[in-house]
Each structure stands twice: as structure tokens, then as C-alpha cells.
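Student: Have a look at the structure that comes next, please.
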Amino acid sequence: ELEVSGEERVGERVYEQVFNIICSLYETDFEDQGLEMLKEQSDRIDDWRLLNYRYELGEKDQVITILLARLMHDKPDVRVSAANALGNLGNSSETVVSALFARFQDDNSDVRWRAAIALGNLGNSSETVVNALLAKLEDSDAGVRDRAAVALGNSDNSSETVVSALLAKLQDDESRVRSGAAYGLGKLGNSSETVVNALLAKLQDDESRVRSGAAIALCSLGNSSETVVNALLAQLQDNNYSVRGWAAIALGNLGNRSETVVNALLAKLQDNNYRLRRWAAIALGKLGNSSETIVNGLLSRLQDEHRFVRRETTQALGKLGKTSNHVLPTVIQWIEQHQDSDYVGRGIDVLWYLVVGEE
-11 ELEVSGEERV GERVYEQVFN IICSLYETDF EDQGLEMLKE QSDRIDDWRL LNYRYELGEK
49 DQVITILLAR LMHDKPDVRV SAANALGNLG NSSETVVSAL FARFQDDNSD VRWRAAIALG
109 NLGNSSETVV NALLAKLEDS DAGVRDRAAV ALGNSDNSSE TVVSALLAKL QDDESRVRSG
169 AAYGLGKLGN SSETVVNALL AKLQDDESRV RSGAAIALCS LGNSSETVVN ALLAQLQDNN
229 YSVRGWAAIA LGNLGNRSET VVNALLAKLQ DNNYRLRRWA AIALGKLGNS SETIVNGLLS
289 RLQDEHRFVR RETTQALGKL GKTSNHVLPT VIQWIEQHQD SDYVGRGIDV LWYLVVGEE
């Protein structure tokens, strides 16, 4: 009854436990009976969830066959879901791996991306998959090399062989491959001097997508050395908004609260591009610096013309207020002073976040 009630009725945690309990019937006397009862309620159970049940309760081959067929479906969203499911099931047979590699050539970018992530997941437990991905780094098709780099990053295999191969791809002739290699290196989490220096060099790449990829990677690695911070500060002046944005996010994640960093991010709250204002708000929220200057700077964005900026500002102030006693009274004062503002509700949202919590 709990299973067919659905997640919205019973809650995510209960729904998850129901799945685990039913799956525990595998190789017990109740396995067949349990699976049959689930199939009888197929019209009330999510199709993908039922496939997971079938896989866990003894119908592995049948489910793999179904998913491989769906990987060829006319609708891209079905192919995406099939690739995702195959990556999560952990079956790294030659048939599955070959089918996912074939999706590297899919005409839909979401399918290509999901196939790469799926192969990366399978690479966690399969040296064969990792070796196949390494070979794909030398494919004549730049798109395949790019997806292979992304997949290797998601494999969590940070061996010297994998890291060296991705470092080499930072010099690829195609910008999307260099960007994919940067992403992969960031995901692997190897923060050696060699990797960091290679990524810093890519912040100067001629192509903006590569500079963005390098900033994203440095954001993930957590190296907050003066060299890295200064390089990211310089990228806040890049002529491409995406590079500037990822540099801002990286600075927030690295947690450097120096006056130079704070002032640079505060300046981006006034950027003409709403995306930059949004990313600056996110970064300031992550820094954890709840100085009066920062709080007032964020409060001014509660009246931003763009709703995404207002939303991220609300969340940033909420985060800062969790660690500082002076944010709450400042927000209350702001609400009192802006009773006639069309955006006073955002101040109330911050107040709710601080008093009640995220829920």
C-alpha cells in the first residue's frame, strides 16, 4: 500500500525505505510472490521504479534488454532515462558498454552527456570500462573525446594513468575536448601542483568554454592558494560572462574572505548581466562573511529586476543569518523600510528562512 501511494503521499524518506525493504526479498521464499504483486500494480507504480524492482528481484537480463531497447527510442528523454538507469545498475557487460558508447554520437546533447556520466559510473567498478574510455580519448571524433574525458572524471579513478591522459587532452586541438578534460580533472579531485598549474594555464585559453571549464575545475579542487585566488580574481574581468560567473562561484567555494575577494564579488552584484549578479550572490553566501557591508549589498539585490537574482540573494542572506546574530534584525529593519516595495516579499522570505528554516 505504501508503494502504490507514491512519494508525494508518503514522503521521500519513507518511499526510499519501502524500496529497500521490498528489494531485500531477493533470494528469499517471498521473492517471486513480491515481484508478482508489484507487477499486478504496474499501473500504479512508476515505470522506471518497477524496472528497478524487477532488476533487484531476479529479472536482471530482462531489464537490461528493455533498457537497451529504450536507449534507441525516438524520444530523447526516454534515451536519457535509459542511459541513467544503465549507469546506476552497475552492469558493465560488453553489450551495455558498447550501447552507451554508441550514444556518444547521439544527436541530442543531453543523451550524449548522460551516456558519458553512465559510463563514468560503471568505470567505478570496472577497469575494462576505464581502459575503453582511455582509448576513446584518441578517437578521431572530437565529440567522442570530449564525452570520454567527462566520463573519466565521473569514474572516480584518479590513477596516474587517467590523470596523465586528461592532462594531455588539455592540449587537444578542439576546444570542447580541452573543456571536457578540465571538467574531468576537477571531478577527479587530484589537486597536485601539476594539475593545478595546468588548469591555471587554461584560464588563459583563447576559447571561453575552456576558460570556464578550468574555472569550474579549480572550484572543485579546493586549492585556495594565493596564486589560484589571484588568477580567479583576474577572470572576474573576462570578456565572457560565463567565465566571470564561474570565477565568482569558485572564489565563493574556496572560502577566501580577504577584503580584495569580498570587494570584487560585491562589485559583481552591480554587473549589467543578471547572471553575474546572481552568481555573485551565491558566492557571497558561500563565503560565510556576514559583515554589514556584505549584508547591505545583498539586501539591495532583493529588489533586483530579475527573479533569479532575488531568489539567490534570499538564500544567501538566509545562509549568512544562520551563523550571525545581526542579520535577522537587519532584515527586519529592511522589511519595515520597504513596506511599499513590490519586492518586500523577498525580505519576508529571508525572515522565514531565518526563523523557520529551509522547509
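Each residue of the sequence shown is one higher than the one before, starting from -11 at the first, in this note's numbering.
Built from N, CA and C at the ideal position, the CB exists for glycine as well.
Helix, strand or coil for Thr215 per DSSP?
Tutor: Thr215 falls in the helix class under three-state DSSP.
Student: In the DSSP assignment, the alpha helix (DSSP H) including Met25 goes from what residue to what residue?
Tutor: Per DSSP, Met25 belongs to the alpha helix (DSSP H) from Glu19 to Glu28.
Student: Could you tell me which uninterrupted alpha helix (DSSP H) segments, each at least 4 residues in length, are contained entirely in the region 169 to 214, listed from first to last along the chain?
Tutor: Qualifying alpha helix (DSSP H) stretches, in chain order: 181 to 190 and 196 to 209.
Student: Examine the Cβ distances between the region 219 to 226 and the region 242 to 257 and report whether three or more of them are shorter than 8 Å.
Tutor: The region 219 to 226 is in contact with the region 242 to 257.
Student: Taking the alpha carbon of Trp340 as the point to measure from, which residue in Ile320, Cys11 and Asn178 has its own alpha carbon closest?
Tutor: With distances taken between Cα atoms, Trp340 lies closest to Ile320.
Student: My understanding is that Val231 touches Ala203, with C-beta atoms under 8 Å, so please give their C-beta distance in whole angstroms.
Tutor: Correct: roughly 6 Å between the Cβ atoms.
Student: Among the candidates Phe7, Gln21, Asp17 and Asp65, whose CA atom is the shortest distance from the CA of Leu39?
Tutor: Checking every option, the nearest Cα to that of Leu39 belongs to Phe7.
Student: Taking the C-alpha atoms as reference points, what is the distance between Val366 and Gln21?
Tutor: Residue 366 lies beyond the range of the chain shown here (-11 to 347); nothing can be said about it.
Student: Quick one: grab the DSSP three-state call for Lys310.
Tutor: In this structure, Lys310 counts as coil in the three-state DSSP scheme.
Student: In angstroms, rounded to a whole number, what distance separates the CA positions of Thr311 and Ser213?
Tutor: Roughly 25 Å separates the two Cα atoms.
Student: Could you spell out the range, first to last residue, of the alpha helix (DSSP H) harbouring Glu357?
Tutor: The requested residue 357 is not part of the displayed model; the chain covers only -11 to 347.
Student: Which of the three DSSP states is assigned to Val278 in this structure?
Tutor: According to the sequence as given, residue 278 is Ser; it is not Val. DSSP places Ser278 in coil when its eight states are reduced to three.
Student: I'd like the list of long-range same chain contacts for Leu56, defined as Cβ closer than 6 Å, with 5 residues on each side in sequence excluded.
Tutor: Correct list, in chain order: Ala87.
Student: Taking 7 Å as the cut-off, decide whether the C-beta atoms of Ala304 and Gly273 are in contact.
Tutor: Going by C-beta atoms, Ala304 is nearer than 7 Å to Gly273.
Student: Should Asn119 go down as buried or exposed, given a rule of 16 or more other Cβ atoms within 10 Å for buried?
Tutor: Under this definition Asn119 is an exposed residue.
Student: With a cut-off of 8 Å on the beta carbons, I'd call Asn218 and Ser179 a contact; round off their distance for me.
Tutor: Not confirmed; about 17 Å, so no contact.
Student: Compare the C-alpha of Thr182 against each of Leu155, Asn313, Ile270 and Asn142 and name the closest.
Tutor: Checking every option, the nearest Cα to that of Thr182 belongs to Leu155.
Student: Whose C-alpha, out of His61, Val132 and Gly108, is nearest the C-alpha of Asn360?
Tutor: Here the chain covers residues -11 to 347 and nothing more, so residue 360 does not appear.
Student: What first and last residue would you give for the alpha helix (DSSP H) that runs through Leu59?
Tutor: Segment: none, Leu59 is in no alpha helix (DSSP H) and carries neither H nor E.
Student: Reducing DSSP to helix, strand and coil, say where Ser81 ends up.
Tutor: Of the three classes helix, strand and coil, the one that applies to Ser81 here is coil, per DSSP.
Student: Tell me the DSSP secondary structure of Glu126 in three-state form.
Tutor: Correct three-state label for Glu126: coil.
Student: Who are the near neighbours of Asp330 in its chain, counting only those whose CB is closer than 7 Å to its CB and skipping five residues on each side?
Tutor: Closer than 7 Å at the Cβ level, and outside the excluded window around Asp330, lies no residue.
Student: So Val250 packs on Ile270, CB below 8 Å; how close in whole Å?
Tutor: Rounded, the Cβ-Cβ distance is 14 Å, inconsistent with contact.
Student: Are three or more beta carbon pairs between the region 43 to 51 and the region 62 to 69 nearer than 8 Å?
Tutor: At 8 Å Cβ cutoff, the stretches do not touch.
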